[in-house]
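All remarks here apply to the structure that follows.
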Amino acid sequence: MNELPMSLRKEAREAPESGIVEVVNFAREREDLIPLWVGEGDLKTPDFIREAAYLGLDAGETFYTYQRGIPELRRALADYHSRQYGRGFTQEEFYVTGSGMQAMQIAIQCVAGVGDEVILHDPAWPNLAAVVGIMGARAVPVPMRFSADGWSLDIDRMFDAVTPRTRAIYLNSPCNPTGWVAGRETLKAVLDRARQLGLWIIADEVYSRFVYGGEARAPSFYDVAEKGDRILYVNTFSKNWAMTGWRIGWLGAPAELGQIIENLIQYSTSGVAGFMQRAAIAALNDGDNFVEEQVTRAKAGSTLIREVLDNSERVEYAPPQGAFYLFFKVMGFDDSRELAKTIVSQTGVGLAPGAAFGPAGEGYLRLCFARSSRDLAQAAERLQGWLSR
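All residue numbers for the sequence shown refer to my numbering, where the first residue is 971 and numbers rise by one.
See the structure below:
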(Lines of atoms letter the chains of each structure in order from A and count residues from 1; the text may use other names and numbers.)
(Lines give C-alpha, C1' and ligand atoms only; values in the text may rest on other atoms or scores of the structure.)
Protein backbone atom coordinates (compact mmCIF):
# COMPACT_ATOMS: atom_id res chain seq x y z
CA MET A 1 0.00 0.00 0.00
CA ASN A 2 1.14 3.56 -0.67
CA GLU A 3 3.07 5.09 2.23
CA LEU A 4 0.74 8.09 2.63
CA PRO A 5 -2.43 6.11 3.40
CA MET A 6 -0.47 3.88 5.78
CA SER A 7 0.49 6.95 7.81
CA LEU A 8 -3.17 7.63 8.66
CA ARG A 9 -5.16 6.26 11.58
CA LYS A 10 -6.10 2.60 11.17
CA GLU A 11 -9.77 3.45 11.69
CA ALA A 12 -9.68 6.00 8.86
CA ARG A 13 -7.85 3.66 6.50
CA GLU A 14 -10.30 0.87 7.17
CA ALA A 15 -13.49 2.93 6.80
CA PRO A 16 -15.44 0.80 4.31
CA GLU A 17 -16.31 1.93 0.82
CA SER A 18 -20.08 2.14 0.45
CA GLY A 19 -21.34 -0.95 -1.32
CA ILE A 20 -24.21 1.15 -2.66
CA VAL A 21 -21.97 3.88 -4.06
CA GLU A 22 -19.79 1.20 -5.64
CA VAL A 23 -22.69 0.11 -7.84
CA VAL A 24 -23.84 3.70 -8.42
CA ASN A 25 -20.39 4.65 -9.70
CA PHE A 26 -20.37 1.57 -11.91
CA ALA A 27 -23.40 2.70 -13.92
CA ARG A 28 -24.30 6.30 -13.10
CA GLU A 29 -23.59 7.49 -16.67
CA ARG A 30 -26.12 5.21 -18.40
CA GLU A 31 -28.61 7.24 -20.42
CA ASP A 32 -31.46 4.77 -19.86
CA LEU A 33 -30.86 4.49 -16.11
CA ILE A 34 -33.74 4.11 -13.67
CA PRO A 35 -32.00 4.79 -10.33
CA LEU A 36 -33.74 2.86 -7.55
CA TRP A 37 -30.58 2.23 -5.55
CA VAL A 38 -30.41 5.13 -3.08
CA GLY A 39 -32.73 6.12 -0.27
CA GLU A 40 -34.61 9.02 -1.75
CA GLY A 41 -37.68 9.65 -3.84
CA ASP A 42 -37.90 11.68 -7.04
CA LEU A 43 -40.02 14.56 -5.74
CA LYS A 44 -38.35 17.92 -5.25
CA THR A 45 -38.71 19.77 -1.96
CA PRO A 46 -42.19 21.38 -1.84
CA ASP A 47 -42.57 25.07 -2.70
CA PHE A 48 -43.69 26.13 0.80
CA ILE A 49 -40.49 24.73 2.30
CA ARG A 50 -38.23 26.30 -0.31
CA GLU A 51 -40.03 29.63 0.06
CA ALA A 52 -39.29 29.65 3.79
CA ALA A 53 -35.59 29.26 3.00
CA TYR A 54 -35.75 32.11 0.46
CA LEU A 55 -37.31 34.37 3.08
CA GLY A 56 -34.57 33.47 5.53
CA LEU A 57 -31.93 34.34 2.95
CA ASP A 58 -33.63 37.64 2.16
CA ALA A 59 -33.67 38.44 5.87
CA GLY A 60 -29.89 37.94 5.98
CA GLU A 61 -29.85 34.74 8.04
CA THR A 62 -26.41 33.79 6.78
CA PHE A 63 -24.41 34.27 9.98
CA TYR A 64 -23.39 31.95 12.79
CA THR A 65 -26.34 30.97 14.90
CA TYR A 66 -27.33 28.78 17.85
CA GLN A 67 -25.28 25.59 18.03
CA ARG A 68 -28.26 23.58 19.24
CA GLY A 69 -30.56 25.08 16.61
CA ILE A 70 -32.57 28.26 16.56
CA PRO A 71 -35.20 28.38 19.33
CA GLU A 72 -38.06 28.56 16.81
CA LEU A 73 -37.02 25.26 15.19
CA ARG A 74 -36.47 23.50 18.48
CA ARG A 75 -39.94 24.62 19.62
CA ALA A 76 -41.36 23.38 16.32
CA LEU A 77 -39.68 20.02 16.91
CA ALA A 78 -41.20 19.84 20.40
CA ASP A 79 -44.66 20.70 19.03
CA TYR A 80 -44.31 18.17 16.20
CA HIS A 81 -43.42 15.40 18.63
CA SER A 82 -46.27 16.39 20.93
CA ARG A 83 -48.70 15.98 18.01
CA GLN A 84 -47.16 12.68 16.94
CA TYR A 85 -46.91 11.03 20.34
CA GLY A 86 -49.75 12.59 22.29
CA ARG A 87 -47.73 13.98 25.18
CA GLY A 88 -45.70 17.03 26.00
CA PHE A 89 -42.12 17.67 24.87
CA THR A 90 -39.81 20.61 25.51
CA GLN A 91 -37.38 22.21 23.09
CA GLU A 92 -34.52 21.25 25.41
CA GLU A 93 -34.91 17.65 24.23
CA PHE A 94 -33.99 18.43 20.60
CA TYR A 95 -30.75 19.38 18.86
CA VAL A 96 -30.52 20.41 15.21
CA THR A 97 -27.81 18.64 13.24
CA GLY A 98 -26.29 18.85 9.78
CA SER A 99 -28.20 15.75 8.56
CA GLY A 100 -29.45 12.56 10.14
CA MET A 101 -25.98 11.20 9.47
CA GLN A 102 -24.45 13.79 11.79
CA ALA A 103 -27.09 13.00 14.41
CA MET A 104 -25.94 9.40 14.24
CA GLN A 105 -22.27 10.39 14.48
CA ILE A 106 -22.93 12.49 17.57
CA ALA A 107 -24.97 9.69 19.15
CA ILE A 108 -22.06 7.29 18.71
CA GLN A 109 -19.56 9.90 19.92
CA CYS A 110 -21.63 10.23 23.08
CA VAL A 111 -21.64 6.56 23.99
CA ALA A 112 -18.84 4.57 22.31
CA GLY A 113 -15.12 4.87 21.76
CA VAL A 114 -11.97 2.79 21.45
CA GLY A 115 -12.52 -0.77 22.66
CA ASP A 116 -16.29 -0.42 23.13
CA GLU A 117 -19.00 -2.39 21.31
CA VAL A 118 -22.35 -1.43 19.80
CA ILE A 119 -24.86 -4.18 18.98
CA LEU A 120 -27.04 -3.81 15.91
CA HIS A 121 -29.50 -5.96 14.00
CA ASP A 122 -28.38 -7.31 10.64
CA PRO A 123 -29.34 -6.29 7.93
CA ALA A 124 -29.15 -2.60 8.86
CA TRP A 125 -28.22 0.73 7.33
CA PRO A 126 -24.45 0.37 6.81
CA ASN A 127 -23.42 3.85 7.97
CA LEU A 128 -24.03 2.99 11.61
CA ALA A 129 -21.47 0.19 11.65
CA ALA A 130 -19.03 2.36 9.71
CA VAL A 131 -19.31 5.24 12.21
CA VAL A 132 -18.80 2.85 15.11
CA GLY A 133 -15.61 1.56 13.46
CA ILE A 134 -14.31 5.05 12.73
CA MET A 135 -14.69 5.84 16.43
CA GLY A 136 -12.46 2.89 17.26
CA ALA A 137 -15.31 0.80 18.63
CA ARG A 138 -16.67 -2.47 17.23
CA ALA A 139 -20.07 -3.02 15.65
CA VAL A 140 -21.52 -6.41 16.58
CA PRO A 141 -24.16 -7.55 14.05
CA VAL A 142 -26.92 -9.90 15.20
CA PRO A 143 -28.72 -11.61 12.29
CA MET A 144 -32.44 -11.13 11.97
CA ARG A 145 -34.65 -14.03 10.93
CA PHE A 146 -36.29 -14.13 7.52
CA SER A 147 -39.50 -15.92 6.62
CA ALA A 148 -42.34 -15.42 4.15
CA ASP A 149 -44.21 -13.68 6.96
CA GLY A 150 -41.49 -11.07 7.33
CA TRP A 151 -38.26 -10.30 9.09
CA SER A 152 -38.11 -10.67 12.86
CA LEU A 153 -35.71 -9.77 15.67
CA ASP A 154 -34.66 -12.39 18.20
CA ILE A 155 -34.29 -10.26 21.34
CA ASP A 156 -32.65 -13.06 23.32
CA ARG A 157 -30.06 -13.51 20.58
CA MET A 158 -29.41 -9.77 20.53
CA PHE A 159 -28.78 -9.57 24.27
CA ASP A 160 -26.77 -12.80 24.26
CA ALA A 161 -24.25 -10.76 22.25
CA VAL A 162 -23.78 -8.30 25.13
CA THR A 163 -20.32 -8.34 26.72
CA PRO A 164 -18.64 -6.15 29.36
CA ARG A 165 -17.53 -3.93 26.45
CA THR A 166 -21.07 -3.30 25.17
CA ARG A 167 -22.17 0.31 25.44
CA ALA A 168 -25.27 0.57 23.26
CA ILE A 169 -27.95 -1.18 21.23
CA TYR A 170 -28.88 0.23 17.81
CA LEU A 171 -32.39 -0.35 16.52
CA ASN A 172 -33.81 1.04 13.27
CA SER A 173 -37.59 0.77 12.92
CA PRO A 174 -39.11 1.00 10.36
CA CYS A 175 -36.02 -0.68 9.03
CA ASN A 176 -33.85 0.22 6.08
CA PRO A 177 -33.51 -2.09 4.15
CA THR A 178 -35.93 -4.85 5.20
CA GLY A 179 -39.13 -2.89 5.86
CA TRP A 180 -39.46 -4.57 9.26
CA VAL A 181 -41.38 -2.59 11.89
CA ALA A 182 -40.87 -3.29 15.59
CA GLY A 183 -44.08 -3.62 17.58
CA ARG A 184 -44.60 -1.80 20.85
CA GLU A 185 -44.03 -5.04 22.78
CA THR A 186 -40.67 -5.56 21.07
CA LEU A 187 -39.57 -2.02 21.84
CA LYS A 188 -40.60 -2.38 25.49
CA ALA A 189 -38.76 -5.69 25.78
CA VAL A 190 -35.57 -4.18 24.31
CA LEU A 191 -35.84 -1.16 26.60
CA ASP A 192 -36.44 -3.30 29.70
CA ARG A 193 -33.35 -5.41 28.98
CA ALA A 194 -31.23 -2.34 28.19
CA ARG A 195 -32.31 -0.70 31.46
CA GLN A 196 -31.28 -3.78 33.46
CA LEU A 197 -27.83 -3.72 31.87
CA GLY A 198 -27.33 0.05 31.91
CA LEU A 199 -27.02 0.20 28.12
CA TRP A 200 -27.84 3.09 25.83
CA ILE A 201 -30.28 2.69 22.95
CA ILE A 202 -29.74 4.50 19.66
CA ALA A 203 -33.20 4.67 18.12
CA ASP A 204 -33.15 5.35 14.38
CA GLU A 205 -36.76 6.34 13.66
CA VAL A 206 -36.14 8.14 10.37
CA TYR A 207 -38.96 6.28 8.57
CA SER A 208 -41.52 6.49 11.38
CA ARG A 209 -44.21 8.02 9.14
CA PHE A 210 -43.77 5.44 6.36
CA VAL A 211 -46.00 2.56 7.51
CA TYR A 212 -48.55 0.66 5.45
CA GLY A 213 -50.98 -0.97 7.85
CA GLY A 214 -53.28 2.03 8.25
CA GLU A 215 -51.46 3.60 11.20
CA ALA A 216 -50.37 7.23 11.23
CA ARG A 217 -46.88 6.27 12.40
CA ALA A 218 -44.81 3.35 13.59
CA PRO A 219 -44.47 2.39 17.25
CA SER A 220 -41.65 4.31 18.91
CA PHE A 221 -39.45 4.12 21.96
CA TYR A 222 -41.19 7.38 22.86
CA ASP A 223 -44.31 5.25 23.47
CA VAL A 224 -42.63 3.18 26.17
CA ALA A 225 -39.83 5.36 27.53
CA GLU A 226 -39.74 7.06 30.91
CA LYS A 227 -37.80 10.07 32.11
CA GLY A 228 -34.16 9.18 32.63
CA ASP A 229 -34.06 6.37 30.10
CA ARG A 230 -30.82 6.16 28.13
CA ILE A 231 -32.15 6.69 24.61
CA LEU A 232 -30.80 8.83 21.78
CA TYR A 233 -33.20 9.37 18.87
CA VAL A 234 -31.76 9.87 15.39
CA ASN A 235 -33.94 11.61 12.80
CA THR A 236 -33.83 13.73 9.65
CA PHE A 237 -35.87 16.01 7.41
CA SER A 238 -34.67 14.07 4.37
CA LYS A 239 -37.32 11.38 3.96
CA ASN A 240 -40.61 12.84 5.17
CA TRP A 241 -40.29 16.17 3.40
CA ALA A 242 -38.12 15.34 0.34
CA MET A 243 -35.13 17.25 1.71
CA THR A 244 -32.28 14.77 1.17
CA GLY A 245 -29.97 17.37 -0.37
CA TRP A 246 -30.50 19.93 2.40
CA ARG A 247 -28.51 17.90 4.95
CA ILE A 248 -30.48 18.81 8.04
CA GLY A 249 -31.65 16.51 10.80
CA TRP A 250 -32.07 16.35 14.55
CA LEU A 251 -31.11 14.37 17.61
CA GLY A 252 -33.58 13.69 20.39
CA ALA A 253 -31.85 13.32 23.76
CA PRO A 254 -32.32 13.97 27.48
CA ALA A 255 -32.08 17.66 28.30
CA GLU A 256 -29.29 16.88 30.79
CA LEU A 257 -26.99 16.17 27.84
CA GLY A 258 -27.54 19.62 26.32
CA GLN A 259 -24.12 21.14 26.86
CA ILE A 260 -22.31 17.95 25.86
CA ILE A 261 -24.21 17.68 22.59
CA GLU A 262 -23.78 21.39 21.91
CA ASN A 263 -20.03 20.95 22.32
CA LEU A 264 -19.95 18.06 19.85
CA ILE A 265 -21.88 20.13 17.31
CA GLN A 266 -19.52 23.06 17.87
CA TYR A 267 -16.46 20.96 17.13
CA SER A 268 -17.87 19.43 13.96
CA THR A 269 -20.10 21.81 11.98
CA SER A 270 -20.71 24.68 14.43
CA GLY A 271 -24.41 24.56 13.62
CA VAL A 272 -26.83 24.60 10.68
CA ALA A 273 -27.45 27.66 8.49
CA GLY A 274 -30.31 29.79 9.77
CA PHE A 275 -32.15 29.99 6.45
CA MET A 276 -32.16 26.18 6.22
CA GLN A 277 -33.66 25.99 9.67
CA ARG A 278 -36.49 28.26 8.50
CA ALA A 279 -37.24 25.67 5.81
CA ALA A 280 -37.27 22.95 8.45
CA ILE A 281 -39.79 24.90 10.55
CA ALA A 282 -42.10 25.14 7.55
CA ALA A 283 -41.77 21.39 6.97
CA LEU A 284 -42.75 20.56 10.55
CA ASN A 285 -45.57 23.06 10.84
CA ASP A 286 -47.18 22.77 7.41
CA GLY A 287 -45.91 19.52 5.91
CA ASP A 288 -48.29 16.84 7.17
CA ASN A 289 -50.31 16.71 3.95
CA PHE A 290 -47.14 16.31 1.91
CA VAL A 291 -45.97 13.45 4.14
CA GLU A 292 -49.32 11.71 3.76
CA GLU A 293 -49.14 12.09 -0.01
CA GLN A 294 -45.65 10.61 -0.02
CA VAL A 295 -46.74 7.62 2.06
CA THR A 296 -49.72 6.97 -0.22
CA ARG A 297 -47.48 7.22 -3.27
CA ALA A 298 -44.90 4.87 -1.78
CA LYS A 299 -47.57 2.31 -0.87
CA ALA A 300 -48.80 2.34 -4.46
CA GLY A 301 -45.22 1.96 -5.66
CA SER A 302 -44.72 -1.08 -3.45
CA THR A 303 -47.87 -2.69 -4.80
CA LEU A 304 -46.88 -2.03 -8.41
CA ILE A 305 -43.42 -3.58 -8.06
CA ARG A 306 -44.59 -6.55 -6.03
CA GLU A 307 -47.36 -7.46 -8.47
CA VAL A 308 -44.74 -7.89 -11.17
CA LEU A 309 -42.14 -9.71 -9.06
CA ASP A 310 -44.82 -12.06 -7.73
CA ASN A 311 -45.08 -13.49 -11.25
CA SER A 312 -41.56 -14.88 -10.99
CA GLU A 313 -40.77 -18.05 -9.08
CA ARG A 314 -37.16 -16.88 -8.86
CA VAL A 315 -37.92 -14.02 -6.43
CA GLU A 316 -38.33 -14.27 -2.67
CA TYR A 317 -39.18 -11.42 -0.28
CA ALA A 318 -41.24 -10.39 2.72
CA PRO A 319 -43.78 -7.60 2.14
CA PRO A 320 -42.40 -4.42 3.76
CA GLN A 321 -44.37 -3.14 6.73
CA GLY A 322 -42.64 0.23 6.63
CA ALA A 323 -39.89 2.43 5.11
CA PHE A 324 -39.90 2.55 1.28
CA TYR A 325 -37.79 -0.36 0.12
CA LEU A 326 -38.36 -3.84 -1.22
CA PHE A 327 -35.60 -6.18 -0.05
CA PHE A 328 -35.74 -9.24 -2.28
CA LYS A 329 -33.66 -12.24 -3.26
CA VAL A 330 -33.21 -13.68 -6.75
CA MET A 331 -32.70 -17.42 -6.47
CA GLY A 332 -29.45 -18.78 -7.80
CA PHE A 333 -27.29 -15.75 -7.00
CA ASP A 334 -25.09 -15.42 -3.92
CA ASP A 335 -22.99 -12.34 -4.74
CA SER A 336 -25.33 -9.35 -4.49
CA ARG A 337 -22.72 -6.82 -5.63
CA GLU A 338 -22.09 -8.67 -8.88
CA LEU A 339 -25.81 -9.31 -9.28
CA ALA A 340 -26.61 -5.60 -8.91
CA LYS A 341 -23.96 -4.77 -11.52
CA THR A 342 -25.29 -7.45 -13.86
CA ILE A 343 -28.86 -6.21 -13.58
CA VAL A 344 -27.98 -2.55 -14.14
CA SER A 345 -25.73 -3.51 -17.08
CA GLN A 346 -28.42 -5.58 -18.76
CA THR A 347 -31.56 -3.61 -17.83
CA GLY A 348 -30.56 -0.10 -16.72
CA VAL A 349 -32.36 -0.61 -13.39
CA GLY A 350 -30.13 0.50 -10.51
CA LEU A 351 -30.51 -1.56 -7.33
CA ALA A 352 -28.50 -1.61 -4.09
CA PRO A 353 -26.66 -4.82 -3.19
CA GLY A 354 -27.86 -6.46 0.00
CA ALA A 355 -24.30 -7.17 1.13
CA ALA A 356 -23.91 -3.44 1.73
CA PHE A 357 -26.32 -3.80 4.68
CA GLY A 358 -24.42 -6.51 6.53
CA PRO A 359 -23.62 -10.24 6.25
CA ALA A 360 -27.29 -11.23 6.62
CA GLY A 361 -28.13 -9.07 3.60
CA GLU A 362 -25.93 -11.00 1.20
CA GLY A 363 -27.93 -12.46 -1.68
CA TYR A 364 -30.58 -9.74 -1.48
CA LEU A 365 -31.18 -6.55 -3.45
CA ARG A 366 -32.79 -3.33 -2.23
CA LEU A 367 -35.19 -1.41 -4.46
CA CYS A 368 -36.49 2.05 -3.52
CA PHE A 369 -40.17 2.35 -4.50
CA ALA A 370 -40.62 6.01 -3.48
CA ARG A 371 -40.70 6.92 -7.17
CA SER A 372 -43.17 7.85 -9.88
CA SER A 373 -45.49 5.13 -11.16
CA ARG A 374 -44.05 5.69 -14.63
CA ASP A 375 -40.48 4.94 -13.52
CA LEU A 376 -41.55 1.98 -11.41
CA ALA A 377 -43.69 0.48 -14.18
CA GLN A 378 -40.80 0.74 -16.60
CA ALA A 379 -38.37 -0.73 -14.07
CA ALA A 380 -40.80 -3.57 -13.32
CA GLU A 381 -41.16 -4.35 -17.03
CA ARG A 382 -37.39 -4.50 -17.47
CA LEU A 383 -36.91 -6.67 -14.37
CA GLN A 384 -39.69 -9.00 -15.46
CA GLY A 385 -38.00 -9.43 -18.84
CA TRP A 386 -34.65 -10.12 -17.21
CA LEU A 387 -36.12 -12.64 -14.74
CA SER A 388 -37.88 -14.53 -17.53
CA ARG A 389 -34.65 -15.18 -19.44
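Just so you know, even glycine gets a beta-carbon here, dropped at the ideal spot from N, CA and C.
Which first and last residues belong to the beta strand (DSSP E) in which residue i is found?
i        : result
Arg-1057 : Neither: Arg-1057 is in no beta strand (DSSP E) and is coded neither H nor E.
Gly-1244 : It is not in any beta strand (DSSP E) - Gly-1244 instead sits in the alpha helix (DSSP H) that spans 1244-1256.
Asn-1142 : 1136-1142
Asp-921  : With the chain covering only 971 through 1359, there is no way to say anything about residue 921.
Glu-1232 : Element bounds for Glu-1232: not the beta strand (DSSP E) but the alpha helix (DSSP H), 1228-1236.
Phe-1064 : 1064-1067
Cys-1338 : 1334-1338
Using DSSP with H/G/I as helix, E/B as strand and the rest coil, what is residue i?
i        : result
Tyr-1203 : strand
Thr-1214 : helix
Asn-995  : helix
Pro-975  : helix
Trp-1170 : strand
Phe-1116 : strand
Lys-1360 : Outside the shown range of the chain, which is 971 to 1359, sits residue 1360, and nothing can be said about it.
Arg-1284 : coil
Gly-1103 : helix
Ala-1188 : coil
Asp-1193 : helix
Val-1160 : helix
Tyr-1050 : helix
Asp-1092 : strand
Ala-1322 : strand
Kindly give me the distance between the Cβ atoms of residue i and residue j, rounded to whole angstroms, as I take these residues to be in contact under 8 angstroms.
i        : j        : result
Val-1081 : Arg-1137 : 5 angstroms
Trp-1170 : Arg-1135 : Not quite, the Cβ-Cβ distance comes to about 13 angstroms (not below 8 angstroms), so this is no contact.
Ser-1178 : Ser-1190 : 6 angstroms
Leu-1227 : Ala-1073 : Not a contact, Cβ separation roughly 13 angstroms.
Gly-1318 : Arg-1044 : Rounded, the Cβ-Cβ distance is 44 angstroms, inconsistent with contact.
Taking the alpha helix (DSSP H) that residue i falls in, what are its first and last residues?
i        : result
Gly-1070 : 1070-1081
Gly-1026 : 1017-1028
Trp-1356 : 1343-1357
Thr-1360 : Shown here, the chain extends from 971 to 1359; a query on residue 1360 therefore has no answer.
Glu-981  : 980-983
Identify which residue in the options has its Cα closest to the Cα of residue i.
i        : options                                   : result
Ser-1282 : Thr-1214, Arg-1352 and Ser-1143           : Arg-1352
Ala-1173 : Gly-1070, Asn-1210 and Gly-1183           : Gly-1070
Ala-1100 : Pro-1224, Tyr-1295, Ala-1243 and Glu-981  : Glu-981
Asn-1142 : Val-1204, Ala-1243 and Val-1319           : Val-1204
Leu-1006 : Pro-1147, Glu-1332 and Ser-1240           : Pro-1147
Ile-1275 : Gly-1011, Asn-972 and Tyr-1295            : Tyr-1295
Leu-993  : Ala-1322, Ser-1052, Glu-1087 and Gln-1354 : Reading off the sequence, residue 993 comes out as Val, not Leu. Among Ala-1322, Ser-1052, Glu-1087 and Gln-1354, the Cα nearest to that of Val-993 belongs to Ala-1322.
Tyr-1287 : Ala-1243, Gly-1215, Val-1102 and Ser-1117 : Ser-1117
Gly-1068 : Ser-1342, Met-1301, Gly-1302 and Gly-1215 : Gly-1215
Is the stretch 1304-1315 close to the stretch 1337-1351, with three or more CB pairs under 8 angstroms? no
Evaluate the contact criterion for the stretch 1188-1196 versus the stretch 1155-1167: three or more CB pairs, one atom per stretch, below 8 angstroms. yes
Inter-stretch contact (C-beta, 8 angstroms, three-pair minimum) for the stretch 1262-1270 and the stretch 985-997: no
Touch check for the stretch 1255-1264 and the stretch 1096-1114: three-plus C-beta pairs under 8 angstroms? The stretch 1255-1264, when compared against the stretch 1096-1114, does not touch it at the 8 angstroms Cβ threshold.
Taking contact to mean at least 3 C-beta pairs separated by less than 8 angstroms, is the stretch 1025-1033 in contact with the stretch 1234-1249? yes
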